[in-house]
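First comes the structure, then the notes that go with it.
Numbering (full-length UniProt numbering), first residue to last: 1 to 166.
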């Protein structure tokens, strides 16, 4: 979503870390996560709070709040249409602003991960990884996984369990 921050660079950066570990004959554990229906589950109130925390001006925040809250939706099943409703969660997909708002929403996740564990965010995915030399390294990585789970729960996001891999 961001200039000069492609999926390719993300992969190359991680692989460089892993090759450096391999050269030193140290194993690395990697856990891949995917947020379930990530864009649809962004809580507007939490997003507004995060915008305030990063010092976005109040006029822009009000504009974004209107952009998010005044979007009427109708569901069509077969030939039948629902009544219009205003969703309380989600950022619009297919817009320029939607992906940026999602990135702001998840941008504080790394603050909840210990410094000795690497975190790479990309779109609605992220990975945690660490060199594993001792049992403590395993426990630290497990602690990071627990922190990521708590962060997701506090931010009303869920992981797509079938897409979590080690």
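Backbone N, C-alpha and C define an ideal beta-carbon position, used for all residues, glycine too.
Treat the numbers as computed from the prediction; the structure is a model and nothing was measured.
Nearest candidate by alpha-carbon position, reference residue i, set the options
i           : options           : result
residue 162 : 118, 89, 32       : 32
residue 40  : 89, 82, 124, 109  : 89
residue 29  : 78, 133, 112      : 133
residue 97  : 85, 79, 116, 63   : 63
residue 67  : 35, 155, 95       : 95
residue 104 : 47, 11, 22        : 47
residue 111 : 22, 160, 151      : 151
residue 22  : 155, 157, 131, 80 : 131
Where the beta strand (DSSP E) containing residue i begins and where it ends
i           : result
residue 121 : 118-122
residue 125 : 125-132
residue 43  : That residue, residue 43, is in no beta strand (DSSP E); it is neither H nor E in DSSP.
residue 31  : 27-34
Separation of residue j from residue i, as counted between CA atoms
i           : j           : result
residue 24  : residue 119 : 21 Å
residue 106 : residue 43  : 11 Å
residue 61  : residue 127 : 30 Å
residue 87  : residue 141 : 36 Å
residue 146 : residue 53  : 24 Å
residue 37  : residue 100 : 16 Å
residue 13  : residue 143 : 23 Å
residue 56  : residue 78  : 43 Å
residue 102 : residue 91  : 7 Å
residue 113 : residue 45  : 23 Å
Where the alpha helix (DSSP H) containing residue i begins and where it ends
i           : result
residue 168 : The structure shown does not extend to residue 168, since the chain is modelled only from 1 through 166, so no value can be given for it.
residue 78  : Element bounds for residue 78: n/a, residue is neither H nor E.
residue 161 : Careful: residue 161 lies outside any alpha helix (DSSP H) and carries neither H nor E.
Environment of residue i [buried if 16+ CB atoms lie within 10 Å]
i           : result
residue 59  : exposed
residue 129 : buried
residue 117 : buried
residue 35  : buried
residue 75  : exposed
residue 153 : exposed
residue 124 : buried
residue 83  : exposed
residue 2   : Low per-residue confidence applies at residue 2: pLDDT is 47, beneath 50, and the placement is therefore not dependable, though the value from the model is reported in the following sentence. Exposed, since its Cβ has fewer than 16 Cβ neighbours within 10 Å.
residue 26  : exposed
| request: Take every Cβ of the region 134-141, pair it with every Cβ of the region 10-24, and state whether three or more of those distances are shorter than 8 Å. | output: no
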